[in-house]
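Residue numbers (the numbering used here): 1 to 260.
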Ligand code: COA
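This is how it looks when you write it as structure tokens:
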């Protein structure tokens with residue numbers, strides 16, 4: 001896999017993806033978004049990939065936002081198209097992937113960068129990370145799902161305050177309000193993300209995919225999440241992994257799941 005603005009490596013079924021535009025604080029320009037769309041589709045479709053860790057190159061930023069230099073000159077229609085295609089092809093594609101994504105936030109996660117982290121299933125922050133949605137300072141609001149996902153994660157009052165003030169918050173505060181799952185030292189960030197993903201990877205892959213689908217359904221207005229859960233639960237009974245999981249429990253041995 002060759003990407004213009006990403007570095008990737010597959011180790012022990014984990015795909016490590018590093019956004020590699022450190023000189024622009026990994027800002028999401030068109031090329032980077034296109035690379036990310038491709039890598040998300042690759043990760044979702046490739047059996048050897050059991051999960052993804054997403055981080056930013058350099059010591060300063062995860063992603064400092066959408067690339068502001070590409071905003072000038074956009075018409076209303078262009079802007080709608082940008083947000084709509086970005087949301088469906090990248091941000092929703094991550095959230096709805098059958099594979100778990102962990103954002104390893106190694107510095108600034110601002111605007112589209114925080115939106116990218118929030119589309120992931122788990123967020124882990126280095127203790128020097130700074131998080132925020134500063135779009136109103138540009139006369140904008142978030143357009144890649146930030147108003148929705150931040151509200152889902154931290155509640156409306158806190159989300160509105162962050163969006164309206166454009167404040168950047170510390171990793172510790174982000175953990176306190178439920179925006180990130182863990183805060184660790186910068187040099188332990190990737191190891192912590194791998195530890196969490198390795199634990200998930202011991203479990204049955206189809207059950208993990210079902211858990212992603214059912215937890216996402218909480219926020220889908222046109223579906224009944226309880227029904228999604230019932231169907232996803234029932235579908236697990238058709239899998240070989242379910243038989244293996246029960247046999248392993250009864251035989252007092254670790255399960256060896258095949259994702260079938
Ligand atoms: N889009 C485009 N370029 C960006 C960028 C973005 N979102 N964020 C940073 N950059 C570029 C800077 O223009 C600069 O490029 P240059 O060296 O060619 O001038 C480079 O990245 C380094 O950033 P700089 O601002 O010099 O670093 P800093 O340490 O002084 O400040 C930030 C860091 C994150 C506070 C500052 O870069 C910033 O406010 N970025 C924009 C954040 C934002 O509003 N994001 C939401 C976008 S919708």
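Where is the CB? At the ideal position from N, CA and C, for every residue including glycine.
Cβ-heavy atom distance, residue i to the ligand COA, below 7 Å
{"i": "residue 66", "result": "yes"}
{"i": "residue 108", "result": "yes"}
{"i": "residue 164", "result": "no"}
{"i": "residue 69", "result": "yes"}
{"i": "residue 139", "result": "no"}
{"i": "residue 59", "result": "no"}
{"i": "residue 112", "result": "yes"}
{"i": "residue 30", "result": "no"}
{"i": "residue 205", "result": "no"}
Short Cβ contact (8 Å threshold) for residue i with residue j
{"i": "residue 163", "j": "residue 133", "result": "yes"}
{"i": "residue 146", "j": "residue 28", "result": "no"}
{"i": "residue 108", "j": "residue 36", "result": "no"}
{"i": "residue 114", "j": "residue 131", "result": "yes"}
{"i": "residue 18", "j": "residue 61", "result": "no"}
{"i": "residue 10", "j": "residue 48", "result": "yes"}
{"i": "residue 122", "j": "residue 154", "result": "no"}
{"i": "residue 6", "j": "residue 39", "result": "yes"}
For residue i, the nearest candidate out of the options (CA to CA)
{"i": "residue 46", "options": "62, 14, 30", "result": "14"}
{"i": "residue 260", "options": "78, 252, 247, 236", "result": "236"}
{"i": "residue 243", "options": "230, 218, 232, 204", "result": "204"}
{"i": "residue 87", "options": "106, 118, 61", "result": "118"}
{"i": "residue 59", "options": "229, 248, 84, 128", "result": "128"}
{"i": "residue 175", "options": "72, 253, 105", "result": "105"}
Supposed contact pair residue j and residue i - C-beta distance, whole angstroms, cut 8 Å
{"i": "residue 208", "j": "residue 100", "result": "6 Å"}
{"i": "residue 126", "j": "residue 184", "result": "7 Å"}
{"i": "residue 152", "j": "residue 219", "result": "6 Å"}
Residue i CB to nearest heavy atom of the ligand GTP below 7 Å
{"i": "residue 27", "result": "By its list of ligands, the structure shown excludes the ligand GTP, since it contains just the ligand COA."}
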